[in-house]
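Residue numbering for the sequence shown follows my numbering, starting at 32 and increasing by one per position.
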Amino acid sequence: MSRMLTAVLGLTVLFACTGEAPVEPPAEPVAPPAPKAATLPVKGVVDVITVKNETAEVPGRIEGVSGSLQIADLDHWKGLDGTISVDLATWNSGLELRDNRVKETFFEVASHGTATYAVSGVKGNPAEPLAIGGAPAEMTLEGQLTFHGATHPVSLPIKVARTAEQAFVVESSAPVKLDSDPFGLSEQREALRVLCAHDSLSAEVTLSVRVALGDAQIPGTEPPSGQPEGAGEADKVPPAEK
Numbered sequence: 032m033s034r035m036l037t038a039v040l041g042l043t044v045l046f047a048c049t050g051e052a053p054v055e056p057p058a059e060p061v062a063p064p065a066p067k068a069a070t071l072p073v074k075g076v077v078d079v080i081t082v083k084n085e086t087a088e089v090p091g092r093i094e095g096v097s098g099s100l101q102i103a104d105l106d107h108w109k110g111l112d113g114t115i116s117v118d119l120a121t122w123n124s125g126l127e128l129r130d131n132r133v134k135e136t137f138f139e140v141a142s143h144g145t146a147t148y149a150v151s152g153v154k155g156n157p158a159e160p161l162a163i164g165g166a167p168a169e170m171t172l173e174g175q176l177t178f179h180g181a182t183h184p185v186s187l188p189i190k191v192a193r194t195a196e197q198a199f200v201v202e203s204s205a206p207v208k209l210d211s212d213p214f215g216l217s218e219q220r221e222a223l224r225v226l227c228a229h230d231s232l233s234a235e236v237t238l239s240v241r242v243a244l245g246d247a248q249i250p251g252t253e254p255p256s257g258q259p260e261g262a263g264e265a266d267k268v269p270p271a272e273k
């Protein structure tokens, strides 16, 4: 016992003389917080511009966009996965006769009523977290579009604004040109051109998307006018009355 007491006193004197304290073990590293993740419902519209007779632009809209999107990191929009459905029967250009022709002759909605966009990821994710009410962040959505039985990759430049913790508004930051012929629609396009008595009908269409995730509202969804620019007499009068 006396020897142990002597050793303890000796160590005390040693530390007092040197000024050194016992070495503390290193602190355990603090793990960063896990990313905020969620699966959010999607609703929206696709605005479409077609060109007939070389220069006449005809705007229309597909109003039945729905689905869900899984986001592994809500703050930085990373780890996206999901499928968005487009109900082609909701095509609307403001003219019922033309709309019926497009849906029946071109889209062939009786057998190909839905297009799908399978999201595979995003390029250009924001480095800083998306702030609620902050400026939109521009990025590129990557995915595969299945339309009329054919599938091709389509990239969509978008801007994303956060309106709540789990709510976002997504809009095209630039229109996308899409050639319909690779989807096997050249014969349908020619049939529509003949039916509508157009001189020409372009295979290329221009697309812009506007969607809302979570509880956000779809921006700018006023209905198309009854007479879009570029509508001709063949659009208005049924063949039996011409």
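Built from N, CA and C at the ideal position, the CB exists for glycine as well.
Within 9 Å, strictly: CB atoms of residue i and residue j
i	j	result
T237	K190	no
F137	A228	no
E202	P157	no
G110	A68	yes
R241	V77	yes
V245	Q197	First, the amino acid is wrong: residue 245 is Gly here, not Val. Yes.
A234	S204	no
G215	A247	no
E161	T171	It should be noted that the sequence gives Leu, not Glu, for residue 161. Not a contact, by the Cβ cut-off of 9 Å.
Cβ separation of residue i and residue j, assumed to be a contact under 8 Å, to the nearest whole Å
i	j	result
T145	D118	6 Å
E94	T114	No, E94 and T114 are not in contact; Cβ-Cβ is about 18 Å, not under 8 Å.
Outcome for residue i when other beta-carbon atoms lying within 10 angstroms are tallied against a minimum of 16
i	result
P57	exposed
I163	exposed
Q219	buried
DSSP-derived helix/strand/coil call for residue i
i	result
V185	strand
L226	helix
K83	strand
V140	coil
K67	coil
N156	coil
P213	helix
E196	coil
E169	strand
Nearest to residue i (by Cα), restricted to the options the options
i	options	result
P184	A149, A192, L216 and E218	A149
A195	G165, K154 and T81	G165
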